[in-house]
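J.:
In the working numbering, the protein residues as written are 154 to 217.
#1: Check the DSSP bridge columns for residue 176 and list the partner residues they point to.
#2: With distances taken between CB atoms, is the gap from residue 186 to residue 161 smaller than 9 Å?
#3: Does the Cβ-Cβ distance between residue 184 and residue 200 come in under 9 Å?
#4: Please return the same chain residues whose Cβ sits closer than 6 Å to the Cβ of residue 197, not counting the five positions on each side in sequence.
#5: Please check if any C-beta of chain D sits within less than 9 Å of the C-beta of residue 191.
#6: Would you kindly check if the distance between the Cβ of residue 173 and the Cβ of residue 189 is under 9 Å?
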């Protein structure tokens, strides 16, 4: 399975913190996540809907 190639980091990753971040890439069917410090180490792939539900849960939990 090919990994999407549009990798990007959070805009919150500033100087100093930029090395301690994850990168994500996506296409219509999946989202890929990798460690920005060592991108060749491995990639996690999730179906788009599963990742979206995960992010929505994080947002809901952060409001409490």
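Positions of the beta carbon are idealized from the N, C-alpha and C atoms, including for glycine. Given the structure is predicted, the values throughout are model-derived calculations rather than measurements.
T.: According to the structure data:
#1: Paired residues: 162, 187.
#2: In this structure, residue 161 does not lie closer than 9 Å to residue 186 by Cβ.
#3: Cβ atoms of residue 184 and residue 200: closer than 9 Å.
#4: Apart from sequence neighbours up to five positions away, the residues of its chain that approach residue 197 with a beta-carbon distance below 6 Å are 186, ordered along the chain.
#5: Of the chains in the structure shown, none is chain D; there is only one protein chain.
#6: In this structure, residue 173 lies closer than 9 Å to residue 189 by Cβ.
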